[in-house]
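Structural data, given as structure tokens:
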């Protein structure tokens, strides 16, 4: 039983986190960072290919060659290590109506390839596809031909040749790095006599698939490992027939995006670097290979086209591959052809909302989420949390870029967004319980939420719908100006104990090989301020594993969440608790609002958050919840594994970093704010005022009141008589008005204290006396 696994896909993470499934016992085994890389976008020089005439368009009197199983032939294979072409001997192992599978003879002789590999690959190429495929009754080739389009068939034999070979790309077992999983090379579509010196053509419809480590990874042979890559590269071959062959080169973004989607069509996750895009969404949408790396671009393209066809229907996806139009014009042409009633701008905005919300149920709108199970956990992590009160914040957004601003928990919001021209879009998203409402913000017009309704959270999404005519051109961003005023009844502060680098997913509960329980976990926290525990957050993983099976919440059970006292460093007596059924758990960050506990903590107080999984059958294949673990780096706090009720073992350390693994979870602290804002503008304070605390002297708590004539960034800090900071009561944006906050000095000794208010250019210090 493999109970902890290295990430193959996790929301919001870097591709360098990939590896293979790992058992997780007392110490985790070292993970191999083996991940596939696509290179077709790099090796095909479209300007060069445009100068040539494809074989299909030449007057060709050559006799069609028929190959038979057992035939041995030499084919040219591009070698990126030497920059040349290698002549390798291949044997035809399997032949069907649409495919021919050739094995490099050397890879057969060294045991990397076997006839069983050919049988398995052939089955998925021609006879069936996996259970997540759009049509599992069709093989990858026939499914793609039916929906995406037809390959060029330059040699007239009606089949595609798959050359399974050890692609020379610089990969070594010691490097534990990315390897070239496969590629399509356009030179094979041209006559050898037409190519310049140094180029070699096989003059066939050819796809190259890596055998080592693509199929044999040094430990085991897996013939299914390259199938997602195979589907990806096959779209490039089809795309060539409709675009490149007629010198109508499509944007790389569209070509690669359609290839990523074709993998999803065949039942494989579209791109493991979607998380890279979801961490940085303010980028030109059609730009390719910015900052020297295309990985975030693959993720952006995979996300966009997976969303597009999730909305428009997988069966319609070939219309874009076959379109003669390009960029946004090509997408608009397809939307018109399909009578969708949508434009590219509509899709761009709805895609941004889907990446933020990914909730088709609680929004009441199927356009605000993904339907496919592989995509149901996608959510952006690129949110700038700035509070509900600020003025004239300027945000620069790239063409096709998207920015999210977090306003936090607030009520009586008044938001204004403006931008030059007509190519901007803005939305306000409010959350209350399970309800999520999306409101359009009109350029330059103020938008107010209903009076008296307090939202659990609120966000602004800004979109630049202008797209450049050329993906490689320099683009100018669009400047948005944003202002917001709102009542914040709590000032919120987030605290966590994990590093931001994900490494494993961990499905709980289970028993390890020694039959020691892994029934839950706890984290120790130290409260940074006097507050209540406002909410708790836990990250639940989604995606696919090494066998392309979904990573998801399985079965039924309850997640019991409790706050425990600190007992000599371990969880002690329970202070408060709640229980959440598995059926209500989603993916990504899950927020558990525990404000009603009214559980107060004081600055410096140590406590533990315990997550315990209660199921009828302890078997992670039946009942489990997948969590995210970090790589053991950064500032970690003590984490424990629950081995049986009220029994704990220290969390495992990472082999490479030596640090204790952290589970992705957070504590949100809330400080109550009492704010008075009258409807009459004349009642807004005319100046900054810091009043004397009341009562004074006090024991153990006192109220501090202050007034702001305008929305300001406010800091309210407590110092002792030695000038040492004792507590920070407020450090956030507040709107204009009169505010009051309570300082609880239960853990402080008697004496003189000072409280300092800083708001914009205003600063004032007052004295108070604590007598116990």
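In the working numbering, the protein residues as written are 1379 to 2150.
Cβ coordinates follow ideal geometry from the N, Cα and C atoms, glycine included.
Between the beta-carbon of residue 1680 and that of residue 1638 there is about 4 Å, and that keeps the pair under the 8 Å contact cut. Exclusion of the five residues before and after residue 2150 leaves 2077, 2078, 2127, 2128 as the residues of its chain whose Cβ lies within less than 8 Å of its Cβ. Between the segment 1868-1878 and the segment 1899-1907, the count of C-beta pairs closer than 8 Å reaches three or more; the two stretches touch.
Contact between the segment 1693-1713 and the segment 1742-1754 is absent: fewer than 3 CB-CB pairs across the two stretches fall below 8 Å. For residue 2144, the uninterrupted beta strand (DSSP E) segment begins and ends at 2140-2148. Residue environment for residue 1550: exposed (fewer than 16 other C-beta atoms within 10 angstroms of its C-beta). Between residue 1840 and residue 1795, the C-beta spacing is below 8 Å.
Residue burial annotation: residue 1525 is buried, with at least 16 other C-beta atoms found within 10 angstroms of its C-beta. In the three-state scheme derived from DSSP, where H, G and I count as helix and E and B as strand, residue 1900 is classed as strand.
With distances taken between CA atoms, residue 1965 lies nearest to 1756 out of 1756, 2138, 1453, 1715. Fully contained in the segment 1575-1637 are the following beta strand (DSSP E) runs of length 3 or more, in chain order: 1584-1588.
The count of Cβ pairs closer than 8 Å, one atom from the segment 1532-1547 and one from the segment 1580-1597, reaches three, so the stretches are in contact.
Secondary-structure assignment with DSSP links residue 1839 through a beta bridge to 1782, 1805. If you ignore the 5 residues before and after residue 1510, its C-beta comes within less than 6 Å of the C-beta of 1645, all in its own chain and listed in chain order. When only Cα atoms are considered, residue 1616 and residue 1666 end up about 21 Å apart. Two segments are said to touch when three or more pairs of C-beta atoms, one from each, lie closer than 8 Å; by this definition the segment 2091-2110 touches the segment 2133-2140. In terms of Cβ geometry, residue 1749 and residue 1688 form a close pair [threshold 8 Å]. Taking C-alpha positions only, residue 1633 is separated from residue 2003 by approximately 36 Å.
For residue 1986, the pairing in a beta bridge is given by DSSP as 1902, 1942. Minimum Cα-Cα distance from residue 2144 among the listed residues 2122, 2121, 2105, 2096 corresponds to 2096.
Listed in chain order, the non-local C-beta contacts of residue 2000 below 6 Å within the same chain comprise 1933, local neighbours out to five positions each way being set aside. Boundaries cannot be given for residue 2101, as no beta strand (DSSP E) includes it and DSSP labels it neither H nor E. Bounds of any beta strand (DSSP E) do not take in residue 1820, whose DSSP letter is neither H nor E. Residues of the same chain with a CB within less than 7 Å of the CB of residue 1770, apart from the 5 flanking positions on each side, are 1859, 1861 in chain order. Secondary structure at residue 1565: helix, using DSSP grouped into helix, strand and coil.
Residue state for residue 1653 is assigned as helix, using DSSP reduced to three classes. Looking at the backbone, the Cα of residue 1958 and that of residue 1939 are separated by about 8 Å.
The continuous alpha helix (DSSP H) containing residue 1524 extends over residues 1518-1525.
Between the segment 1474-1492 and the segment 1531-1543, the count of Cβ pairs shorter than 8 Å is three or higher; the stretches touch. Residue 1674 places its beta carbon less than 8 Å from that of residue 1658.
Residue 2045 is classed as buried because its beta carbon has at least 16 other beta carbons within 10 Å across all chains shown.
Short of 7 Å from the beta carbon of residue 1465, and not among the five residues preceding or following it, lie these beta carbons of its own chain, in chain order: 1452, 1454. Sixteen is the threshold: when 16 or more other Cβ atoms of the shown chains lie within 10 Å of the Cβ of residue 1538, as they do, the residue is buried. Residue 2082 places its beta carbon 8 Å or farther from that of residue 2115.
Here the segment 1908-1920 does not lie against the segment 2014-2024, with fewer than 3 beta-carbon pairs under 8 Å apart.
DSSP places residue 2004 inside the beta strand (DSSP E), whose first and last residues are 2003-2008.
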